[in-house]
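Numbering (the numbering used here), first residue to last: 2 to 196.
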C-alpha cells in the first residue's frame with residue numbers, strides 16, 4: 002500500500018478553530034444588536050425626560066407650567082405654544098415626536114384631573130402598543146421607578162387617553178389595573194411633578 006504524499010485538506014483541529022471563530026463572530030453580532038436596542042431605549046427615556054426639563058425650565062422662567070393657562074398649577078391649555086414661543090428657549094422643540102428606528106412616539110403634557118403628567122403615545126389618536134414598543138415603555142418605567150410595573154410609582158400604563166394634538170395636550174381617562182405592560186396599553190403616563 003502506497004502512502005499519499007502532499008495530501009491537501011484541513012485537519013480536525015483547523016476546522017475546530019474556524020468553527021470557534023465563527024461562533025465568536027455570531028455571538029458578537031447578536032450582542033451588538035442587543036446593545037443597539039438598549040441604546041435606543043435609553044435615548045427614548047432621555048428624550049422624554051427632556052420634556053420634563055423643559056417644563057421645569059418654563060416654570061422657573063414664567064412661574065407656571067407650560068399649558069397652565071389659568072396658573073392654578075395644573076397643565077390644561079396650549080403646551081405647544083408655550084414651549085415653542087412663550088418660553089423663549091434658545092432651541093425649542095419643533096415637534097413632540099420621537100423617532101427611533103422604525104418607531105415613532107409622541108410626547109404630550111397634561112393632567113389626570115388633579116396631577117400633571119407627561120404622556121407618551123404611538124400616534125395622535127392613541128392606539129395600543131405592540132410588543133416591541135412596550136419594551137420602550139418598560140425601559141422608561143424601570144429608569145424612573147426601578148421596576149417595570151404599570152400600576153405603581155410615578156410611571157403608569159393607561160388604557161385610554163384624550164389627546165389635543167395641535168396643543169400637545171393630553172388627559173388620562175383610565176389607568177390600567179393589571180400591573181404589567183400589555184398590548185391593551187395605549188399610553189405611558191409619567192407623574193413628573195408629584196406622585
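Here a beta-carbon is modelled for each residue, glycine too, at the ideal position from N, C-alpha and C. No experiment lies behind these values; they were computed from the predicted model shown.
State the DSSP-derived secondary structure class of residue i, mapped to helix, strand or coil.
i	result
residue 112	strand
residue 195	coil
residue 136	helix
residue 47	helix
residue 17	helix
residue 119	strand
residue 59	helix
residue 53	helix
residue 39	helix
residue 143	helix
residue 9	coil
residue 22	helix
residue 32	helix
residue 76	coil
Give me, in chain order, the residues of the same chain whose beta-carbon lies closer than 7 Å to that of residue i; leave out the 5 immediate sequence neighbours on both sides.
i	result
residue 80	67, 68, 110, 168, 169 and 170
residue 141	45, 46, 49, 156 and 189
residue 149	139, 142, 143 and 182
residue 41	101 and 102
residue 129	184, 185, 186 and 187
Could you tell me which residues DSSP puts in a beta bridge with residue i?
i	result
residue 157	190
residue 170	110 and 165
Compare the C-alpha of residue i against each of the options and name the closest.
i	options	result
residue 59	38, 91 and 28	91
residue 184	38, 84, 51 and 127	127
residue 113	145, 173 and 78	173
residue 125	143, 135, 166 and 119	166
residue 73	138, 83 and 117	117
residue 146	193, 101, 131 and 105	193
residue 133	102, 119, 153 and 120	102
residue 1	30, 53, 129 and 115	Outside the shown range of the chain, which is 2 to 196, sits residue 1, and nothing can be said about it.
residue 115	195, 18 and 23	195
residue 82	29, 105 and 55	55
Apart from the five residues on each side of it in sequence, which residues of its chain come closer than 6 Å, Cβ to Cβ, to residue i?
i	result
residue 158	151, 177, 182 and 186
residue 107	97, 98 and 122
residue 76	66, 68, 69, 110, 111, 112 and 117
residue 105	98
So, for residue i: in the same chain, excluding its five sequence neighbours on each side, which residues have a beta-carbon less than 8 Å away from its beta-carbon?
i	result
residue 89	62
Enumerate, from N- to C-terminal direction, the unbroken beta strand (DSSP E) stretches of 3 or more residues contained entirely within the segment 81 to 105.
98 to 101
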